[in-house]
Structure formats: C-alpha cells, structure tokens
Amino acid sequence: MLQISDRDEKKILEETYFEKQENTLLCGQHCLNNLLQQEIFDSAVLAEIGTELNRTENEISADRNTFSHVNEYGFFSSSVLEVALNGLSLHTKTLKREWFLANKNYFDNIEGLICNKSEHWFCLRKLGGVWLLLDSKKDSPVLVDSIHPFLAGGENTTTMAIHGLFPSCVHEKKIKEITDKYRGKRLGGSTEERDSDLIRAIRLSKFTK
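So in the working numbering, the last spot in the sequence shown is 542, and the numbers never skip.
Given below as structure tokens:
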C-alpha cells in the first residue's frame with residue numbers, strides 16, 4: 334500500500350462516494366453504488382430484477398415459490414447483484430479459499446470486490462491504486478492495507494471479484510490526482526490520460542472474455 338500522509342488520506346476519504354445504510358436494509362443497493370462510485374441503482378430497479386428472477390425460476394421449478402431473490406425488507410440475492418452488474422458489462426467470479434491461495438497474483442488486475450457476510454453486502458474498490466472498504470454499516474469509507482483478509486473468506490462469507498471496465502467517475506479521477514504524487518509521477522495532459530485509459534481497458538479486457 335502507498336504510504337499516504339494523514340492529510341491526504343483524509344482527502345481521499347472525503348472524495349470517495351459513499352452511501353450509508355439507514356433504517357431499511359438495502360445493503361445490496363448501497364454495495365453496488367459504492368462499488369461503482371456513483372448512484373446508478375435504486376431499490377425499485379433491483380426489486381424488479383429480483384421479481385423477474387423469482388418468476389422465471391419458479392416457472393421452471395417443480396417446487397413453486399422456492400426462489401426468493403428479493404424480500405420485503407430490501408435484501409437482494411447475489412443473483413440480483415450479478416444481473417445488475419451484467420447490465421454494465423461487469424461480471425462476477427465467486428472466489429474459493431483454496432483457489433485464492435494458489436492464484437494470489439490474479440488480484441493485481443482486479444479493481445473491485447463484493448462480499449456477503451451473514452446476509453450483509455459490502456464492497457472493496459481500488460481507486461487511484463489504493464483499496465477502500467465501503468461498508469454501508471460503517472460511518473465512512475476505510476483505507477485498507479490489504480484485501481487478503483477479505484479474500485480468504487470465512488464462515489458465512491462469500492466474496493466475488495468483479496471483472497470488466499468500470500464506468501468512469503469523477504471520484505476516481507480526484508483520488509488518482511492525490512495518489513499519483515506518491516508514485517513520483519502525475520499524468521499531465523488529456524492525451525496521456527486517454528493513453529492510460531486505453532492501457533487499462535486492454536489490461537482488463539482479457540477478464541471479460
């Protein structure tokens with residue numbers, strides 16, 4: 334992890350888009366929007382996805398009313414989150430502890446994770462080269478030294494890596510401006526920024542095939 338000053342760490346946290354969970358559950362909604370660093374999904378859209386999944390799966394199941402991808406309290410299943418992300422050309426890979434231990438370098442090219450622990454959704458997102466824990470139950474984002482504790486998993490915990498090119502957002506660009514100076518370089522022009530975006534797209538495209 335970059336050695337960032339307390340002052341710049343505070344700036345990063347202030348620039349990070351963050352939705353905090355209020356009275357209703359809706360942790361899945363907050364997880365997705367925090368991951369994407371912008372408000373893209375609302376409860377109505379996710380509920381519609383869940384209802385359609387329920388209808389489709391119950392139609393082909395001998396045991397009707399078995400599937401429940403959304404409930405009255407605002408909880409959404411992993412399938413709902415996956416379908417929502419698929420609509421943005423983002424795809425998920427569920428991680429197994431044994432596989433993770435044998436493929437640690439795989440995560441060099443991952444920029445987002447969604448996790449479910451005891452039916453609570455939260456995410457981790459890499460922004461400007463640093464990882465942030467974005468948990469709607471917490472008061473604010475948290476910079477983390479390592480994502481390995483979240484990858485190893487545990488009882489009642491599921492972790493999914495996100496593959497694909499994330500939508501651009503102003504929050505990521507502002508955080509990158511802060512962290513670039515810690516790498517001894519700062520991209521200074523629109524041409525360089527476009528080149529950087531192209532390299533990033535090529536690097537990530539192999540995971541979407």
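From the three backbone atoms N, C-alpha and C, an ideal C-beta is built for every residue, glycine too.
Just so it is clear, the structure is predicted and the values come from calculations on it, not from any experiment.
(message) Please report the distance separating the alpha-carbon of residue 336 from that of residue 386.
(response) 45 Å
(message) So, at 6 Å on beta carbons, what are the nonlocal neighbours of residue 451 in its own chain, with the 5 sequence-adjacent residues on each side left out?
(response) 489
(message) My parser needs the alpha helix (DSSP H) runs of 4 or more residues fully inside the segment 342–383; what are they?
(response) 360–369
(request) Would you grab the beta carbon distance between residue 379 and residue 417 for me? Rounded to a whole angstrom, and I think it's under 8 Å. (result) 6 Å
(message) Which runs of the alpha helix (DSSP H) at least 4 residues long sit entirely within the segment 385–462? Give them in chain order.
(response) 411–419 and 430–435
(message) Using the three-state DSSP reduction, which class does residue 511 fall into: helix, strand or coil?
(response) helix
(message) I'd like to know whether the C-beta atoms of residue 455 and residue 360 end up nearer to each other than 9 Å.
(response) yes
(request) Determine the direct distance from the alpha carbon of residue 458 to that of residue 435, and round the result to whole angstroms. (result) 22 Å
(request) Look up residue 304 in the DSSP assignment and give the residues it is bridged to. (result) Only positions 334 to 542 of the chain appear in this structure, which leaves residue 304 out of reach.
(message) Which same chain residues end up closer than 8 Å to residue 364 when comparing Cβ atoms and leaving out the 5 residues on each side of it in sequence?
(response) 414, 447, 454, 455, 456, 467 and 469
(message) Less than 6 Å between C-beta atoms, sequence neighbours within five positions excluded: which residues of the same chain meet that for residue 502?
(response) 370 and 371
(message) For residue 475, which residues in the same chain have their Cβ closer than 6 Å to its Cβ, ignoring the five residues on either side in sequence?
(response) 466
(request) Alpha carbon to alpha carbon, how far is residue 497 from residue 344? Give it in angstroms, no decimals. (result) 27 Å
(message) Taking the alpha carbon of residue 479 as the reference point, which residue from 444, 505, 506 and 510 has its own alpha carbon closest?
(response) 444
(request) Sort 351, 377 and 471 by Cα distance to residue 368 and report the nearest one. (result) 351
(request) In the DSSP assignment, find the beta strand (DSSP E) that holds residue 495 and state where it starts and stops. (result) 490–496
(message) By the three-class DSSP mapping on this structure, what secondary structure does residue 335 have?
(response) coil
(request) With DSSP as the reference, label residue 499 as helix, strand or coil. (result) coil
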